[in-house]
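Everything below concerns the one structure shown next.
Numbering (the working numbering), first residue to last: 10 to 260.
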């Protein structure tokens, strides 16, 4: 449940379109729903603007089924991240109205399209095609948050001319998420060209001395360009949540 849904419920009660006991039933599970194997934070959307998202990594498929089914009962949007193809093959027949994205490793149901909740566009920029899995995770998270988002892929520093032709587009974005592996140089370049917040995402892409993304992470943390915030390695979801909070309109 989020603020818009709660307002709609209370307004319907005020107009006499809902019964008091019905509304009490809808609110009964707030602020959480104990499933035994999980405790769903049904109050999160009210607090943060994004309801609980299921992190599938290391969870048993049977547990995921119970959690997804409980979230789906609400009729709300449901997002499951870091879901591998093997688990997805088991879950998809049980949830036919969900869409699975193999590269982004997410399962999603956009049951209630969100109105535009952002001041402007969030632009996701990737250094290489190998970074697209992280980018797709960020993209779907922003879509669930009701943010306008677009993707500019494979414009890394090895061919910087590919980025510079998009300078107008970069400067038009309200917030930028810049994703890179290897030495992680792209966020510094982008931040030096724009006057908007840049959220840097290091990825685990790279040869041996990339150390699974640690080299890119340290490079981004040591950037001499101003206005860069850095999230954890491969954390497209965290970058999207931060971008959405920066960009979203306030009441």
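The C-beta atom is built at its ideal place from N, Cα and C for all residues, glycine as well.
Measure the beta-carbon distance from residue 200 to residue 210 and round it to whole angstroms, keeping in mind my assumption that it falls under 8 Å. Incorrect: roughly 13 Å between the Cβ atoms, too far for contact.
- [ ] Report the residue from 181, 226, 151 and 182 whose alpha carbon sits nearest the alpha carbon of residue 248.
- [x] 151
Taking C-beta to C-beta, are residue 231 and residue 129 nearer than 8 Å?
no
Give the list of continuous beta strand (DSSP E) stretches no shorter than 3 residues that lie fully inside the region 46 to 128. 87 to 90, 108 to 110 and 115 to 118
Review point. Hey, how far is the Cα of residue 262 from the Cα of residue 109?
Key: The structure shown does not extend to residue 262, since the chain is modelled only from 10 through 260, so no value can be given for it.
Q: Could you please give the first and the last residue of the uninterrupted beta strand (DSSP E) stretch that includes residue 238?
A: 237 to 239
- Query: Ends of the beta strand (DSSP E) at residue 161?
  - Reply: 157 to 161
Legend entry - Contact belief for residue 147 with residue 245 at Cβ below 8 Å, rounded distance in angstroms: 4 Å
Alpha carbons only, please: which of 239, 78, 29 and 173 is nearest the one belonging to residue 261?
With the chain running from 10 to 260 in the structure shown, residue 261 is simply not present.
Worksheet entry | Runs of beta strand (DSSP E) wholly within the region 150 to 226 (minimum 3 residues, chain order) | 157 to 161, 184 to 189 and 207 to 211
(request) Classify residue 243 as buried or exposed, calling it buried when 16 or more other Cβ atoms lie within 10 Å of its own Cβ. (result) buried
- Is residue 114 buried or exposed, if buried means 16 or more other CB atoms sit within 10 Å of its CB? buried
Given residue 97 as reference, the closest of 121, 65 and 82 once Cα atoms are compared
65
Apart from the five residues on each side of it in sequence, which residues of its chain come closer than 6 Å, Cβ to Cβ, to residue 80?
87
Can the beta-carbon of residue 186 be found less than 8 Å from the beta-carbon of residue 117?
-> no
Review point. Rounded to whole angstroms, how far is the Cβ of residue 90 from the Cβ of residue 139, which I believe are closer than 8 Å?
Key: Actually they do not touch by this definition, with Cβ atoms about 19 Å apart.
In the DSSP assignment, find the beta strand (DSSP E) that holds residue 255 and state where it starts and stops.
Taken as a continuous stretch (DSSP letters only), residue 255 belongs to no beta strand (DSSP E), being part of the alpha helix (DSSP H) at 245 to 256.
Task: Own chain, CB closer than 6 Å to residue 164, minus 5 neighbours either side, in chain order - done: 171 and 172
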